[in-house]
Each structure stands twice: as structure tokens, then as C-alpha cells.
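Structure, as C-alpha cells:
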Amino acid sequence: PLRTITVDEVPSDCSEPVDAKALEQARAIVEGIRAKGEAALIETATKFGDLKQGEAYTYSRAELKEAFDALPKEHQGVLTRVADRIKKFAKAQRASISDTTTDIPGGQAGQTVSPVETAGCYAPGGRYPLPSSVLMTACTARMAGVKNVWVASPHPDKVTMAAAHVADADGLLKVGGAQAVATLSQGIGPVPKCDIIVGPGNQWVTAAKSLVSQSGTAIDMLAGPSEVLVIADDTADPATVAADLLAQAEHDVEARPILVTTSKGLIDAVNAEVAKQLADLPSPMTAAAAVAKGFCVLASSIEDAIAVSDKIAPEHLEIMTKDAMEIGMKCAHYGGLFVGRYAAEVLGDYGCGPNHVLPTAGTARYTGGLSVHTFLRIRTWMRVDSQVDNQAVVQDSIALARLEGLEGHARAAEKRVL
17 PLRTITVDEV PSDCSEPVDA KALEQARAIV EGIRAKGEAA LIETATKFGD
67 LKQGEAYTYS RAELKEAFDA LPKEHQGVLT RVADRIKKFA KAQRASISDT
117 TTDIPGGQAG QTVSPVETAG CYAPGGRYPL PSSVLMTACT ARMAGVKNVW
167 VASPHPDKVT MAAAHVADAD GLLKVGGAQA VATLSQGIGP VPKCDIIVGP
217 GNQWVTAAKS LVSQSGTAID MLAGPSEVLV IADDTADPAT VAADLLAQAE
267 HDVEARPILV TTSKGLIDAV NAEVAKQLAD LPSPMTAAAA VAKGFCVLAS
317 SIEDAIAVSD KIAPEHLEIM TKDAMEIGMK CAHYGGLFVG RYAAEVLGDY
367 GCGPNHVLPT AGTARYTGGL SVHTFLRIRT WMRVDSQVDN QAVVQDSIAL
417 ARLEGLEGHA RAAEKRVL
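First residue of the sequence shown? That's 17 in the working numbering, and the numbers climb one at a time after it.
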């Protein structure tokens, strides 16, 4: 069962997402590919089992379409419908910010909003391939207006390849780990050099993203293990709460399922349901290990429950209380908010609309999840048409430059004096 801790024992998790050993291993891979290019990529990918000897390391647009066409119609429909919902939400996000112009003394200033040119979208493969992450990242990049979009995923199955087609990816790099991140960052063969790399991955992916972010490639975030926190009162359904906690727990042995409630009875009932539902999961070991690392907090009031949640700043925050929307709007720090019994976090995972790539490890205190804004550049401009009307700015610039001891700045401003 989930252990119960007091409010004072609640950790605020700003743990380091980059594992030190993985960082050193990733560094060797990234530097090797930077130095030797395609030969090092093929050698590393073959060594780690991403590729067979002599196998091509990319899939083309045509091959991605073939994978989609080979799927049963019902699977094609699932991918297409999920993509459409992601695109609809991303389109609304894109419309929320636009080019703007305003008057300044003697002229005008403004901002322009434009996408990066090339994006790399990583999606985990292996035991649990995530075609949903392909859709979440690549569809969002396209809706932001990104011209070139490439997906990377090791051992991609037909559904992952089909998802890349539905998301309108230009190609798929069938390599994972640090070698994929290094390739997207540098550009090798048909894979273009990416301005930004986004998407979740294992510790080597995260480590490699941290490295390439120091040398000219933007990233979305450094993601740690997944988290869900449920704020609940005595109106919550224990079976539903338990199911949502276990859904997150099955991601990773390091995942953190957390229940914060004002009801002691709910804690007991949820723990009973967790035990019951764990026993019925096809592969319970991962979830059981995560449950052992999760916890419950008995709060004296909803206000205290909100304070606990804000201290943790969870990746996923579910509200299962009376007046759930009101409670949710009082919460300050979270990656994604899921309001009410029917707004399951898993429905967010699989494409209600908002993105499922979200900040972990307390980083929601200062950043949000993946969105169209991740791929956009907001750039400003100014133009002075009337030197006369701009003279107050010129004089203030001269004065402030000399207050800062920057005489060259002051003299440059003086060239604009009438």
C-alpha cells in the first residue's frame, strides 16, 4: 500500500534529472558522433542493437505511409482522431499569440512570432513504444509552423511509424538513446540539423539533451520519472483514484503516485483498491515498485491539500473533490491539471488535446509543458521615424549609459542628438 506521511514530511522534489553516470556515457557517444559523423552513428547504433549490420538508419516519408496503409482501419482511425484533437488544441494555442505593433516616442515597435525551422521529436521505443508521444510532439511542431519535422525512435513498430506519417513527419530516425539526440543535434545524412529537440526518453536521452543544449541546440525540458498527485475529498471514488495512481505507476519503477486527501477513510479504501487492482494487472512488478515509493498525505483541510500539492509541483495534478474546478484554479504549481472524476490523466496522455509532455521533479514551479510556444520565437523590432519626437529617449540613453560607466554607449546615443 501507499505509505502515509504527515504534511511536514512532504518532500519538495527538485531532484537532478541527469544521472551522473549516464551523463558521462552520453558524453562519449555525443562527442564520438560529433567527431566521426555517420560512421560513429552507425557503429554506436549497431553496438546498442538499434540497427542490424548494414541496415539503413532512417525511414522515408513513403515508408511511413506504407506502415500506415498496412494498419487495420480501426487503428488508422484511432491515430487520425487523436492527431486531429491534438492539432485542434495546438491551433488554439497558436492563435493566442500574434504579431503586435505599438507606438514608441517618434516611431513604432513590435514583435513578430515565427517558428524554428527544424525540429527533432524523440519518442521512446523498446518495451513500451509510445506512438502517442510521436503525435504529441510532431503534430504540435507542425501546428506551430515548423518547416522540417523529424521523429526519432528506436525499434519503431508499425504503429509508431504510422503515427509519424499521421503527424506529417519528414522522416524517422530509427535510432534511440544518446546516439539519436547527437544525430538530431548535428545533422547526419538525410537527417537535418535540428534547431530544437523535444520529447521524453530514458536517462541517456535526458543526459544527451543536457549536453547538446550547451552547444547550440534548444530542448524542451529535462524530464525525470513521471508523477501524478490526486487531491481528493470524501466524495471521490476509491476505485477510480486507485486506477489513476496505478496508471502512472506502471510507467517506471521510479514513478511517484501521490494521494493528498482530507479523508482518512479514503486513504484506507484507496489502498485496498490499489492492492486489488495491482493483483489484476498483467505486469504488476513495475507498478508495485512505484507504489512503494509513493505516499498519501492526510490534510486537515482542502487549503492544506493545495499547499502540499504546490510544494511538490507535480507533473500531473488531478482534482477529485466537490467544486473541483474552483479547487483546481486555486492550485499554483503543476504541469497539467485534470479537473473532476471524468478528466482522467490517461485521457490527457492519449489525446484529449493538451500535450502530455510535461515538467517533472518540481520544475513546474517555473515552466510549463510542451506546446506550440516551445517551437516559436518571439522577436522584437523598433523603428524611429521622427528624430525630434525621439529626443527624450536619446537624452535618457546618454544619461543612463554614463551612470553605468559605458562611455561608448553614451557617444553612440549622442550621434542621434539634434
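Positions of the beta carbon are idealized from the N, C-alpha and C atoms, including for glycine.
Because the structure is a prediction, the values reported are computed rather than measured.
What does DSSP give as the partner residue(s) for W397 in the beta ladder?
In DSSP, W397 forms a bridge with G126.
Identity of the residue in A160, W166 and G161 nearest V150 by Cα
A check of alpha carbon separations from V150 across A160, W166 and G161 identifies W166 as the nearest.
Expressed to the nearest angstrom, what Euclidean distance is found between the alpha-carbon atoms of V129 and D119?
Taking the CA atoms as reference points, V129 sits about 18 Å from D119.
Under 6 Å: does the beta carbon of Q124 sit that close to some heavy atom of the ligand NAP?
Although the ligand NAP was asked about, the structure shown includes no ligands whatsoever.
Would you mind sorting I45 into buried or exposed? The rule is 16 or more other CB atoms within 10 Å of its CB.
Buried, because 16 or more other Cβ atoms sit within 10 Å of the Cβ of I45.
Just to confirm before moving on: does the CB-CB distance between P330 and V286 stay below 7 Å?
V286 is positioned such that its CB atom lies no closer than 7 Å to that of P330.
In chain order, each alpha helix (DSSP H) run of at least 4 residues that lies wholly inside the region 277 to 350:
Whole alpha helix (DSSP H) segments, 4+ residues: 280 to 296, 300 to 309, 318 to 328 and 340 to 346.
Considering Cα atoms alone, identify which of I213, R381, A223 and A194 is closest to F64.
When each option's Cα is compared against that of F64, the closest is A194.
In whole angstroms, what separates the C-alpha of D339 from that of A160?
So the two alpha carbons sit approximately 35 Å from each other.
Since I335 and G356 are thought to touch, with beta carbons under 8 Å apart, how far apart are those beta carbons, to the nearest angstrom?
Rounded to the nearest angstrom, the Cβ distance from I335 to G356 is 7 Å, consistent with a contact under 8 Å.
Expressed to the nearest angstrom, what Euclidean distance is found between the alpha-carbon atoms of P375 and A239?
Here the C-alpha atom of P375 lies approximately 6 Å from the C-alpha atom of A239.
Can you tell me whether E266 is buried or exposed? The criterion is at least 16 other CB atoms within 10 Å of its CB, across all chains shown.
Buried: at least 16 other Cβ atoms inside 10 Å.
Note down, in chain order, each residue of its chain lying with its Cβ closer than 7 Å to the Cβ of V34, except the 5 sequence neighbours on either side.
Cβ neighbours of V34 beyond the five flanking positions: T222, A223, S226 and L238.
Whole-angstrom distance between D320 and A258, CA atom to CA atom:
Approximately 22 Å, taken between the alpha carbons.
Quick check on P88: buried or exposed, where buried means 16 or more other Cβ atoms within 10 Å of its Cβ?
Its Cβ having fewer than 16 others within 10 Å, P88 is exposed.
Top-ranked residue by Cα proximity to E82, from S112, A180, I322 and F391
Looking at the Cα atoms, A180 is the closest of the given residues.
Does the separation of the CB atoms of L282 and A248 fall below 7 Å?
Yes.
CA-to-CA distance, M301 to V276, given in whole angstroms:
Looking at the two C-alpha atoms, the distance is approximately 24 Å.
Rounded to a whole number of angstroms, what is the C-alpha to C-alpha distance between E361 and P241?
Here the C-alpha atom of E361 lies approximately 16 Å from the C-alpha atom of P241.
If you compare alpha carbons, which of G48, M341, I394 and A426 is closest to V409?
Its Cα nearest to that of V409, the residue A426 stands out among G48, M341, I394 and A426.
In this structure, how does DSSP classify V362 when only helix, strand and coil are distinguished?
The answer is helix: DSSP assigns V362 an H, G or I state.
Assuming G364 and G352 are in contact, meaning their beta carbons sit under 8 Å apart, how far apart are those beta carbons, in whole angstroms?
The Cβ separation is near 6 Å, so the contact holds.
Tell me, which residues are paired with E243 by DSSP?
Listed as beta-bridge partners of E243 by DSSP are R272.
Assuming S226 is part of the alpha helix (DSSP H), what are its boundary residues?
Residues Q219 to V228.
Within this structure, are the beta carbons of G192 and P170 separated by less than 7 Å?
In contact: G192 and P170 (Cβ atoms closer than 7 Å).
Just to confirm, are V290 and Q264 a CB contact at a threshold of 7 Å?
Not a contact, by the Cβ cut-off of 7 Å.
Bounding residues of the beta strand (DSSP E) (the contiguous stretch that carries T118):
Counting along the chain, the beta strand (DSSP E) containing T118 begins and ends at T116 to I120.
Check for me: the alpha helix (DSSP H) holding G48 runs from which residue to which?
For G48, the enclosing alpha helix (DSSP H) stretches over residues A36 to K52.
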